[in-house]
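Numbering (this note's numbering), first residue to last: 259 to 490.
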């Protein structure tokens, strides 16, 4: 069974714009906890006030606490004392935040994180077998497969081709005992399509939840999304 991870990034961005209590992720976490969501995540950005106090965020949730970080050893060293459950390494400069694993910075960072106790490590990658093998060889705990390309497809044929590429990568990872999560422009159609053919660890959703929340309210949208993700 897959578990829902709430990506707080769009809510953090909205809070920076409107400064309204209802858009503040610190306030939304109470709903997340009461409904029983299994994971929360956000991208570390030093210029955003809300994410500076990571300790407060950490203390407010018993969910899997996943922080997305660039391949920057100084940032990682700041975060390690907070003891998140998971660090997901990303490249904020790429369109889908995926990384190139052959980078020296990535390898140094992986070794640093793997030497830390009680901390999981994931790499956000495109659905390519070559990248999957490189992640496996580094000994990471998990990969987060980018699903952004599925949202871009306008034709049914194109959608199915990209879906097959992603599901094939997931199956290879699972066969080699590498945990897989997915994220990137996920909506109801994409989540349903993926749930029908593969099992993953976490399904990370942010923008779709925010959009639905504006129509039905956060609590209702969250319950609906959780039922969709964790129904299997």
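Note that CB positions come from ideal geometry on N, CA and C, so glycine has one too. All values derive from a computational prediction rather than experimental measurement.
Judged by DSSP in its simplified three-state form, residue 444 adopts coil rather than helix or strand. Annotation for residue 261: the continuous beta strand (DSSP E) segment containing it runs 261-265. Taken atom to atom, the span from the alpha-carbon of residue 407 to that of residue 420 is near 7 Å. The beta carbons of residue 268 and residue 436 sit about 28 Å from each other, so the pair does not count as a contact at 8 Å. Going by C-alpha positions, residue 288 is about 13 Å away from residue 316. Three or more beta-carbon pairs separated by less than 8 Å are not found between the stretch 362-369 and the stretch 411-425, which leaves the two stretches without contact. Residue 350 is classed as exposed because its beta carbon has fewer than 16 other beta carbons within 10 Å across all chains shown. For residue 305, the secondary structure class from DSSP, reduced to helix, strand or coil, is coil.
Here residue 359 carries a coil assignment [DSSP, helix/strand/coil].
Residue 437 is bridged by DSSP to 400.
Within the stretch 314-388, the complete alpha helix (DSSP H) runs of at least 4 residues fall at 331-337 and 362-372.
The Cβ neighbour count for residue 324, taken over all protein chains shown within 10 Å, is at least 16; the residue is labelled buried.
Straight through space, the alpha carbons of residue 392 and residue 359 are spaced by roughly 7 Å. Ranking 347, 399, 426 and 404 by CA distance to the CA of residue 455 puts 426 first. In terms of CA proximity to residue 320, 263 leads the group 263, 449 and 459. At the C-beta level, residue 313 and residue 270 stay beyond 7 Å of one another.
Burial is judged here by how many other beta carbons sit within 10 angstroms of a residue's own beta carbon; residue 473 has fewer than 16 and is exposed. Restricting attention to 373, 428, 434 and 345, the CA atom closest to the CA of residue 403 is found in 428.
Rounded to whole angstroms, residue 347 and residue 478 show a C-alpha spacing of 31 Å. The continuous alpha helix (DSSP H) containing residue 487 extends over residues 476-488.
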